[in-house]
Amino acid sequence: MNPMPLPQALSPIHYGELDYAGQNLITPKELTTDEVKELVGAFANSVKRAVDAGFDAIELHGAHGYLIHQFYSPKSNTRTDEYGQDKALFGVEVIAAAKKVMPADMPLIVRISAQEYGKDGFDSDYGVEIAKRFSDAGADMFDVSGGGDGVLHKGNHPEFYAGYQVDLARKVKHATNKPVIAVGMLDNVAVADHILGVGDADLVAIGCGLLRDPYWVLNAQYQQNGADSSEMQFVPRQYVRGFM
Numbered sequence: 008m009n010p011m012p013l014p015q016a017l018s019p020i021h022y023g024e025l026d027y028a029g030q031n032l033i034t035p036k037e038l039t040t041d042e043v044k045e046l047v048g049a050f051a052n053s054v055k056r057a058v059d060a061g062f063d064a065i066e067l068h069g070a071h072g073y074l075i076h077q078f079y080s081p082k083s084n085t086r087t088d089e090y091g092q093d094k095a096l097f098g099v100e101v102i103a104a105a106k107k108v109m110p111a112d113m114p115l116i117v118r119i120s121a122q123e124y125g126k127d128g129f130d131s132d133y134g135v136e137i138a139k140r141f142s143d144a145g146a147d148m149f150d151v152s153g154g155g156d157g158v159l160h161k162g163n164h165p166e167f168y169a170g171y172q173v174d175l176a177r178k179v180k181h182a183t184n185k186p187v188i189a190v191g192m193l194d195n196v197a198v199a200d201h202i203l204g205v206g207d208a209d210l211v212a213i214g215c216g217l218l219r220d221p222y223w224v225l226n227a228q229y230q231q232n233g234a235d236s237s238e239m240q241f242v243p244r245q246y247v248r249g250f251m
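For the sequence shown, the working numbering assigns the number 8 to the initial residue and increments by one for each residue that follows.
Right, dumping it as structure tokens:
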């Protein structure tokens, strides 16, 4: 339930009509086709600002229920215009527009949900097809995750263990022949090293592990060299205690 009596944004928008009846939430207005096209330009403008600011790469967040994901998800995109008939179109246009304002040698990373874990969510075969469309549009690398489409549905989501989403990254890599980033409970150094060693992914992304341990990379280096984290003299003692 939303305890806020007023909208949390002046003009919340959404990919299409969505009924939040009974949940005390704000129903955002549906984008018109022209507004969708304007958003493609807005993405490109944001990318251009990042390029001008001196960043080395660009990543578009197209997973976990964010706007690009909302468009390519069949259960959420019920539009009847061109962006509903071709559910990958919005993402394809955003990627193409981003590439136009980026230097030729700057990589564009696209994060996707390669499988949905909620009720009636799409499977990895569909997710791979989306990745192929985005690859053809100009994506240079994929940050491959899953879910973000709603409440987890029994029988439609994996068990959660170290590396539980690596198979999604592997499938996208093989289908697109593009480098991939694997995610999902990969803060165990041995697991992360194995994933890279066998070629299932080209990079691993560590999120929660780095929040828990801001010295994760240094700790990993020590473990790879057979040392113990307690020997990390340059790390504050209270952090070392937290590693144990």
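Glycine is no exception: its CB is placed at the ideal position from the N, C-alpha and C atoms.
Given residue 223, which residues of its chain have a CB within under 7 Å of its CB, disregarding the five upstream and five downstream residues?
194, 213, 216 and 217
Leaving aside the five residues before and after residue 275 along the sequence, list all residues of the same chain whose C-beta is less than 6 Å from its C-beta, in chain order.
Outside the displayed range of the chain (8 to 251) lies residue 275, so it cannot be described from this structure.
Let me confirm a value: residue 82 is counted as buried when at least 16 other C-beta atoms fall within 10 Å, else exposed. Which label applies?
exposed
Segment contact flag, the region 123-137 with the region 157-166, C-beta cutoff 8 Å, min 3 pairs:
yes
Would you call the CB atoms of residue 97 and residue 117 closer than 8 Å?
no
I'd like the list of long-range same chain contacts for residue 113, defined as Cβ closer than 8 Å, with 5 residues on each side in sequence excluded.
58, 63, 64 and 65
Between residue 139 and residue 85, which are expected to be in contact by the criterion C-beta below 8 Å, what is the C-beta distance as a whole number of angstroms?
That belief does not hold up - the Cβ atoms of residue 139 and residue 85 are roughly 23 Å apart, past 8 Å.
Taking residue 227 as part of the alpha helix (DSSP H), name the residues at either end of that continuous run.
It spans 223-231 - the alpha helix (DSSP H) in which residue 227 sits, taken as one unbroken run.
From this set, 100, 175, 36 and 38, which residue's C-alpha is nearest residue 154's C-alpha?
175
Leaving out five residues on either side along the sequence, give the residues of the same chain with a beta carbon under 6 Å from the beta carbon of residue 123.
129 and 156
Does the beta-carbon of residue 50 have 16 or more other beta-carbons within 10 angstroms, so that it is buried, or is it exposed?
buried
Beta carbon of residue 72, beta carbon of residue 106: below 8 Å?
Against a cut-off of 8 Å, the Cβ pair of residue 106 and residue 72 comes out as no contact.
Could you give the residue range of the beta strand (DSSP E) that holds residue 62?
Premise fails: residue 62 is in no beta strand (DSSP E) and is neither H nor E.
Is DSSP giving residue 216 helix, strand or coil here?
helix
Using DSSP with H/G/I as helix, E/B as strand and the rest coil, what is residue 150?
strand
Determine the contact status of residue 143 and residue 173, defining contact as a CB-CB distance below 8 Å.
no
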